[in-house]
Amino acid sequence: MRASACILFFAGLLLVWLDVAAALEVPEANYPPLAKSASSPEGFVPQGWRIDTQTEGDLNGDGLPDLLLVLQQDDPANVLANDPDSLGVRALDTNPRILAVAFAREKGGYELSLENHDLIPRYETPTIDDPFSQAEIIDGAIRVGLHFWANAGSWYTDDTTFIFRYRDNAFRLAGYEEYTTKRNTGETWDVKIDYLAGKAEITLGNFSDDESEDKTYQKPLSPSPLLTIKEVGGGWDFHTEEQDLSWWGLEESGG
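Using my numbering, the first residue of the sequence shown is number 231, and each one after it goes up by one.
Here it is, written out as structure tokens:
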């Protein structure tokens, strides 16, 4: 999306949030510290939490199956009742999530390597889908997917993937992918950024026009240090200039 589209996207998101803020008061999130080591995945789960997603794969190049977890609190107090006369889901599960990585030990068990509270946004608005879509290990990298779809307040839908690799004792942003659609015009923007290779690509399309052909553009990236997952911050707060059509010398068709 170009800058103006990004502004409209998040402005619509803000309006949806504000529309329900008075009716739903989301409890403050409390994150317990995870165990530094454990003999099994369950050993990293604090009391009152559960495993949402679990997958294994080698992340640090030692040939052992490391552990990727998404943990979610399981507190009924965080499940909020929405007004049945309003838009959105009736029961809003705002229980927060923790993204965690534990490296496998040669003699068994795991050592905690990452505990992140920020990347995966909380589910706080009944008119917006749960933002978390998936977390997986592919080809030695962590891929965390976020999703945006609103039944009020925005024409935009968005699927974002953050790709992290373990470099220099930290998980760093090696790639970023974002597929955006604008439902009222049919426009689509498919951005792929490879920070390791130093290149970016965008494909423009329109799902409502069968006769138009997709157009793909590529550009090199300026050299810069790879961001750590902590520096990336919240998934919905992250912004890179390559998302903007203006960086590509392009513009949105309008509508």
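A virtual CB, placed ideally from N, CA and C, is assigned to each residue, including glycine.
Taking C-beta separations shorter than 6 Å and ignoring five residues to either side along the sequence, the partners of THR283 in its chain run VAL300, ALA365, following chain order. Each of LYS429, TRP466, VAL462 was checked against the Cα of TRP478, and the nearest Cα belongs to LYS429. Proximity to ASN399 across PHE274, GLY287, GLY291 peaks at GLY291, based on C-alpha coordinates.
With respect to the C-alpha of ILE281, the residue from GLY287, VAL331, LEU310, ARG320 having the closest C-alpha is VAL331. Ranked by how close their Cα comes to the Cα of ALA311, the residues TYR447, PRO356, ALA380 have PRO356 in first place. In its chain, beyond the 5 residues on either side, MET231, THR410, ILE432, LEU434 have a beta carbon closer than 7 Å to the beta carbon of TRP419. Between VAL374 and LEU349 the beta-carbon gap is near 6 Å, inside 8 Å, which marks them as a contact. Under DSSP, the beta-bridge partners assigned to ILE281 are LEU301. Around the beta carbon of THR446, fewer than 16 other beta carbons sit within 10 angstroms, so the residue counts as exposed.
According to DSSP, residue pairing for SER269 in a beta bridge does not occur. The C-alpha of ASP296 is placed about 13 Å away from the C-alpha of SER267. If you look at VAL421, you'll find it isn't in any alpha helix (DSSP H); it sits in the beta strand (DSSP E) that goes 417 to 424. Linking ILE328 to ILE393 through their CA atoms gives a straight-line distance of about 17 Å.
GLY339 sits close to SER269, with the two beta carbons spaced by under 9 Å. Note that the C-beta distance between THR387 and ARG352 is not below 9 Å.
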